[in-house]
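In full-length UniProt numbering, the protein residues as written are 1 to 566.
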Ligand code: ATP
Ligand code: MG
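Structure, rendered in structure tokens:
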């Protein structure tokens, strides 16, 4: 199912999560406080799916006057790194959200979590198991078959305490011992079958170094971290629904009636023609199948930023798909629509010729240059204008000329006329070819009376072309991106390696495009430019003054129609 419109919004205009929060606030729960959190594990860069969670976590707090914590869920030192912590911070800020001084780390709670584990051991609620993970998995049973008790389940409290301390002291190898909650091996909920609370990990932690040799599992860390921070609404994705009873079970060890965090789940964002698994994204990066986490083809926030997406467009897209309780596959076209829509509002209009062919205007004085005034953004009356040089030799797109055009070809053809946008009407008189028959020059004449502002400017011709003055144009490189995968839902193709489904044409590099001087002088990394009739572009961080590099953010939907209307 491809979902496009959120139809679950209540009449109040609130989505179902906001409605639950509003109800809790109205009921005076948690003393009327609202505190959410966004809890990324720093084991990769954030992707567009995380953006959906961020918009929810920070958005609901903003909407109801609460606060949102940023909590790094750093409980597995083997996969985590400060590079990811920094990238996550940057991406959230770029999206337009701020956590103020509420930056927390699950690792800050290791001492309290350890104390809680010790208390649970003392109360007979936890035990140290000494079996391999395979044995433990075998005893787990199935959803229809109860599991078996571990032979170590009734180990005496003193022995459990001693072993747990020694696990943390580093006496044992990884995988030899685990601490498990003693709940119910026959529970209908598989997560209740004596879940693992702690495992031994000997890799140093990026924040706590070698202080710890045992690390809490997600289920033993998350709810308690929420509790320690005073989080009231722990909003996450649907895969955590079966974890919720366990979340509540552990939280009850700490909470009372006056304050208890509550887990609420919504549907993940899945996008066509890409993958959302951090494990797979990491693989693409590590194996060099993309140029890094911020390769503009990736579904990461940093990649989208580098590609030229605006934060507003991502937020608008998230709004458009909404939050429901039903898993769905969202169409990447909808995201692209949101990007185009926002760029149309903000992008500066410029001229760039992607595949140039030279036009010589034979009746224009040699050596003469004049300047024409170009509107920066017809959608924005405050955007102003910029100047563009016009001269005897210009470049137009090779595709905008045809020697033997079909009937409805409104661009340049022998004997035909077109308008050069913002300048004159020209007429094709002749073409010059090389030995192989390729067109090297198009010879035209211009009508001096047709420049804008002059009486002849009202004269109608069917086609309007973009162009740049040859003597003034600057060479640049353009990187044209297409979808990363060539199948709609790579995650669904279980029997194929996802790497086989990569789109071989996802990047096309075009060198030697010709750009107008204004763009060369003013383009900024993070700026947004509409190459007229071509698409939206941004300057890439690889660009140098001598070699400008532009990423194509997205194509214009209907380039030809757009310019016709102007
Ligand atoms: P993993 O746990 O496999 O490393 P993850 O994508 O769940 O990957 P986390 O860092 O745990 O990564 O995610 C942080 C938060 O972002 C979680 O609350 C999670 O529910 C949410 N989130 C992750 N992926 C999506 C998604 N595709 N759509 C919406 N929210 C998501
Ligand atoms: Mg996760």
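Glycine included, every Cβ here is placed at the ideal spot set by N, Cα and C. All values reported here derive from a predicted model rather than from experimental measurement.
Candidates the options, of which the one nearest residue i by Cα
{"i": "residue 419", "options": "463, 443 and 156", "result": "463"}
{"i": "residue 551", "options": "445, 557, 544 and 539", "result": "539"}
{"i": "residue 176", "options": "210, 372 and 136", "result": "136"}
{"i": "residue 35", "options": "481, 259, 398 and 325", "result": "259"}
{"i": "residue 430", "options": "359, 536, 394 and 451", "result": "359"}
{"i": "residue 649", "options": "146, 404, 338 and 151", "result": "Residue numbering for the chain in the displayed model covers 1 to 566; residue 649 lies beyond these limits and cannot be assessed."}
{"i": "residue 128", "options": "166, 107 and 92", "result": "166"}
{"i": "residue 267", "options": "229, 215, 330 and 246", "result": "330"}
{"i": "residue 51", "options": "28, 472 and 315", "result": "315"}
{"i": "residue 155", "options": "172, 138, 181 and 140", "result": "181"}
{"i": "residue 75", "options": "90, 97 and 106", "result": "106"}
{"i": "residue 343", "options": "389, 95 and 379", "result": "379"}
{"i": "residue 368", "options": "349, 302, 394 and 321", "result": "394"}
{"i": "residue 131", "options": "151, 231 and 56", "result": "151"}
{"i": "residue 333", "options": "16, 519, 304 and 273", "result": "273"}
{"i": "residue 17", "options": "280, 383, 237 and 426", "result": "237"}
{"i": "residue 517", "options": "125, 386, 206 and 405", "result": "386"}
{"i": "residue 62", "options": "282, 37 and 526", "result": "37"}
{"i": "residue 115", "options": "254, 389, 519 and 546", "result": "254"}
Cβ neighbour criterion (16 or more within 10 Å) applied to residue i
{"i": "residue 71", "result": "buried"}
{"i": "residue 32", "result": "exposed"}
{"i": "residue 532", "result": "buried"}
{"i": "residue 381", "result": "exposed"}
{"i": "residue 157", "result": "exposed"}
{"i": "residue 299", "result": "buried"}
{"i": "residue 417", "result": "buried"}
{"i": "residue 339", "result": "buried"}
{"i": "residue 317", "result": "buried"}
{"i": "residue 570", "result": "Beyond the ends of the chain as shown, which are 1 and 566, falls residue 570; an answer cannot be given."}
{"i": "residue 216", "result": "buried"}
Near the ligand ATP: residue i beta-carbon under 7 Å from a heavy atom
{"i": "residue 237", "result": "yes"}
{"i": "residue 53", "result": "yes"}
{"i": "residue 268", "result": "yes"}
{"i": "residue 103", "result": "no"}
{"i": "residue 191", "result": "no"}
{"i": "residue 243", "result": "no"}
{"i": "residue 286", "result": "no"}
{"i": "residue 526", "result": "no"}
{"i": "residue 40", "result": "yes"}
{"i": "residue 298", "result": "no"}
{"i": "residue 76", "result": "no"}
{"i": "residue 43", "result": "yes"}
{"i": "residue 278", "result": "yes"}
{"i": "residue 73", "result": "yes"}
{"i": "residue 230", "result": "no"}
{"i": "residue 222", "result": "no"}
{"i": "residue 205", "result": "no"}
{"i": "residue 322", "result": "no"}
{"i": "residue 165", "result": "no"}
Same chain only: Cβ atoms within 6 Å of residue i, ignoring 5 sequence neighbours per side
{"i": "residue 39", "result": "71 and 73"}
{"i": "residue 515", "result": "352, 474 and 476"}
{"i": "residue 307", "result": "296, 551 and 553"}
{"i": "residue 422", "result": "372 and 374"}
{"i": "residue 160", "result": "121, 127 and 128"}
{"i": "residue 565", "result": "Confidence is the limiting factor: at residue 565 the pLDDT is only 47, short of 50, which leaves the residue's position unreliable and the question unanswerable from this model."}
{"i": "residue 140", "result": "147 and 193"}
{"i": "residue 80", "result": "42, 43, 74 and 206"}
Element boundaries [alpha helix (DSSP H), containing residue i]
{"i": "residue 443", "result": "Taken as a continuous stretch (DSSP letters only), residue 443 belongs to no alpha helix (DSSP H), being part of the beta strand (DSSP E) at 439 to 447."}
{"i": "residue 319", "result": "311 to 321"}
{"i": "residue 414", "result": "Per DSSP, residue 414 belongs to no alpha helix (DSSP H) and is neither H nor E."}
{"i": "residue 245", "result": "244 to 251"}
{"i": "residue 522", "result": "517 to 522"}
Contacts around residue i, its chain only, beta-carbon distance under 8 Å, and the 5 residues preceding and following it disregarded
{"i": "residue 251", "result": "223, 224, 226, 227, 260 and 261"}
{"i": "residue 403", "result": "413, 414, 431 and 439"}
{"i": "residue 434", "result": "440"}
{"i": "residue 559", "result": "For residue 559, the predicted model reports a pLDDT of 38, less than 50, meaning its position is unreliable; a value from the coordinates is still stated below. Here the set comprises 533, 534 and 535."}
N- and C-terminal bounds of the beta strand (DSSP E) containing residue i
{"i": "residue 126", "result": "126 to 129"}
{"i": "residue 263", "result": "262 to 266"}
{"i": "residue 427", "result": "425 to 433"}
{"i": "residue 161", "result": "Note, residue 161: premise wrong, no beta strand (DSSP E); alpha helix (DSSP H) at 157 to 169."}
{"i": "residue 397", "result": "393 to 397"}
{"i": "residue 356", "result": "356 to 361"}
{"i": "residue 118", "result": "Residue 118 -> not in any beta strand (DSSP E); alpha helix (DSSP H) instead, spanning 110 to 122."}
Neighbourhood of residue i by C-beta distance below 7 Å, restricted to the same chain and skipping five residues each side
{"i": "residue 490", "result": "275, 498 and 501"}
{"i": "residue 578", "result": "Absent from the structure is residue 578, since the part of the chain shown begins at 1 and ends at 566."}
{"i": "residue 455", "result": "449"}
{"i": "residue 523", "result": "529, 539 and 548"}
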